[in-house]
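In terms of the numbering used here, the sequence shown opens at residue 317 and continues consecutively.
Structure, as structure tokens:
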Amino acid sequence: MAFSLWDLCDYPGGYIDCKVVSIAVLRLVAARGSDPARYAYQDNKILFSRYAGLDKLLAEITRFPVAEQENRRRRFAAQLLAWKWYYSQAVEKENRYLLYLSIQKIVLFACRLVLNENRMLYPYHKWLLRVVAQAPEKPRQFDATLDRLLTAPAAELVEDLCGQVLSFAGVTEEEVDWPNQFLRDSEENWVEHEAPVDDL
Numbered sequence: 317m318a319f320s321l322w323d324l325c326d327y328p329g330g331y332i333d334c335k336v337v338s339i340a341v342l343r344l345v346a347a348r349g350s351d352p353a354r355y356a357y358q359d360n361k362i363l364f365s366r367y368a369g370l371d372k373l374l375a376e377i378t379r380f381p382v383a384e385q386e387n388r389r390r391r392f393a394a395q396l397l398a399w400k401w402y403y404s405q406a407v408e409k410e411n412r413y414l415l416y417l418s419i420q421k422i423v424l425f426a427c428r429l430v431l432n433e434n435r436m437l438y439p440y441h442k443w444l445l446r447v448v449a450q451a452p453e454k455p456r457q458f459d460a461t462l463d464r465l466l467t468a469p470a471a472e473l474v475e476d477l478c479g480q481v482l483s484f485a486g487v488t489e490e491e492v493d494w495p496n497q498f499l500r501d502s503e504e505n506w507v508e509h510e511a512p513v514d515d516l
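Listed below in structure tokens is the structure:
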């Protein structure tokens with residue numbers, strides 16, 4: 317259950333975002349939760365608890381899944397390259413919808429690669445740029461290139477950003493079978509579980 321409280325904050329426009337979850341749900345997040353589900357518990361503070369193992373459970377939830385780092389690197393790189401190709405198609409076909417979607421996805425997966433290399437959880441879209449700005453290791457011009465790309469998209473900036481991030485992650489375009497990885501992760505993801513709501 318989720319709800320918001322608007323009368324407790326002492327600053328304009330402030331609110332408290334509340335979620336009620338069970339221990340069973342917390343165990344599920346620890347076992348196989350998405351990064352945003354895990355990030356929601358980052359920097360938590362236990363004020364009162366009758367559950368003796370809550371601190372250990374929350375620590376497990378907010379721990380970066382190191383065992384998945386290499387697999388994520390490959391999958392995120394494939395998404396980055398796929399959306400770089402889609403960007404070129406958007407320019408060629410003068411498709412503004414695809415162009416802006418491609419830019420958003422390129423930024424997303426460039427940031428996912430940086431977070432992955434830093435073993436940091438992905439917070440979801442609202443706080444993505446703020447969290448990535450705090451990453452200690454990233455390409456030297458990464459933040460500036462992101463800002464330029466979001467302000468005025470251009471093919472040379474797409475190439476620059478993708479090149480920076482792939483080099484930083486130690487990945488080359490030639491070693492990434494992005495068409496087939498993208499097929500599995502984005503086009504055929506409904507085979508093993510329900511399709512995301514975007515694709516219903």
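Cβ atoms here follow ideal geometry from the backbone N, Cα and C, with glycine treated the same way.
It should be emphasised that the depicted structure is a prediction, and the values quoted were computed from it without experimental measurement.
According to the neighbour-count rule (16 or more other Cβ atoms, all chains shown, within 10 Å of its Cβ), is serine 418 buried or exposed? Here residue 418 corresponds to residue number 102 of the sequence shown, with the count starting at 1. Buried, because 16 or more other Cβ atoms sit within 10 Å of the Cβ of serine 418.
Residue interval of the alpha helix (DSSP H) (run including lysine 409): Residue 409 sits at position 93 when you count from the first residue of the sequence shown. 385–409 is the extent of the alpha helix (DSSP H) around lysine 409.
The ligand MN heavy atom lying under 8 Å from the CB of glutamate 433: Here there are no bound small molecules, and the ligand MN is not part of this structure.
Give the straight-line distance between the Cα atoms of aspartate 493 and glutamate 386, rounded to the nearest whole angstrom. If you number the sequence shown from 1, residue 493 lands on position 177. If you number the sequence shown from 1, residue 386 lands on position 70. When rounded, the distance between both Cα atoms is 15 Å.
Outcome for tyrosine 327 when other beta-carbon atoms lying within 10 angstroms are tallied against a minimum of 16: As a first step, residue 327 must be located in the sequence shown, where it is residue number 11. Exposed, since its Cβ has fewer than 16 Cβ neighbours within 10 Å.
For lysine 335, list the residues DSSP reports as bridge partners. Here residue 335 refers to the residue found at position 19 when the sequence shown is read from its first residue. According to DSSP, lysine 335 bridges with Ala318.
Does DSSP classify cysteine 325 as helix, strand or coil? As a first step, residue 325 is located in the sequence shown; it is residue number 9 there, counting from the start. Coil.
Phenylalanine 484 to tryptophan 322 span [Cα, whole Å]: Residue 484 sits at position 168 when you count from the first residue of the sequence shown. Residue 322 sits at position 6 when you count from the first residue of the sequence shown. Distance between the alpha carbons of phenylalanine 484 and tryptophan 322 is about 43 Å.
By alpha-carbon positions, which one of Cys325, Ile339 and Pro352 ends up nearest to leucine 431? The residue given as residue 431 occupies position 115 in the sequence shown. Of the listed residues, the one whose Cα sits closest to leucine 431 is Pro352.
Where does phenylalanine 364 land, buried or exposed, given buried means 16+ other C-beta within 10 angstroms? Translated into positions along the sequence shown, residue 364 becomes position 48. The residue in question, phenylalanine 364, is exposed, as its Cβ has fewer than 16 Cβ neighbours within 10 Å.
Inspect the beta-carbon positions of glutamine 457 and glutamine 420 and report whether they are closer than 9 Å. Translated into the one-based positions of the sequence shown, residue 457 becomes position 141. Translated into the one-based positions of the sequence shown, residue 420 becomes position 104. Not in contact: glutamine 457 and glutamine 420 (Cβ atoms no closer than 9 Å).
Look up threonine 488 in the DSSP assignment and say whether it is helix, strand or coil. Taking the first residue of the sequence shown as position 1, residue 488 is located at position 172. Three-state result, threonine 488: coil.
Could you check which residue in His441, His509, Leu373 and Gln395 has the C-alpha nearest to that of cysteine 478? In the sequence shown, counting from the first residue as 1, residue 478 sits at position 162. Comparing Cα-Cα distances from cysteine 478 to each of His441, His509, Leu373 and Gln395, the minimum goes to Gln395.
Note the first and the last residue of the continuous alpha helix (DSSP H) segment covering lysine 372. For the purposes of this step, residue 372 is taken as the residue at position 56 of the sequence shown. Lysine 372 -> alpha helix (DSSP H) spans 370–377.
Compare the Cα-Cα distances from proline 469 to each of Val423, Ala375 and Glu490 and report the closest residue. For the purposes of this step, residue 469 is identified with residue 153 of the sequence shown, where counting begins at 1. The residue with the shortest Cα to Cα distance from proline 469 is Val423.
Is the beta carbon of alanine 398 sitting closer than 9 Å to the one on phenylalanine 498? In the sequence shown, the residue the question calls residue 398 occupies position 82. In the sequence shown, the residue the question calls residue 498 occupies position 182. Taking 9 Å as the Cβ cut-off, alanine 398 and phenylalanine 498 qualify as a contacting pair.
On the DSSP letters alone, give me the boundaries of the alpha helix (DSSP H) that glutamate 433 sits inside. Looking up residue 433 in the sequence shown gives position 117. First-last of the alpha helix (DSSP H) with glutamate 433: 412–433.
Tyrosine 367 by DSSP, collapsed to three states: which one? What you label residue 367 is simply residue 51 of the sequence shown in a count that begins at 1. Tyrosine 367: coil per DSSP, three-state reduction.
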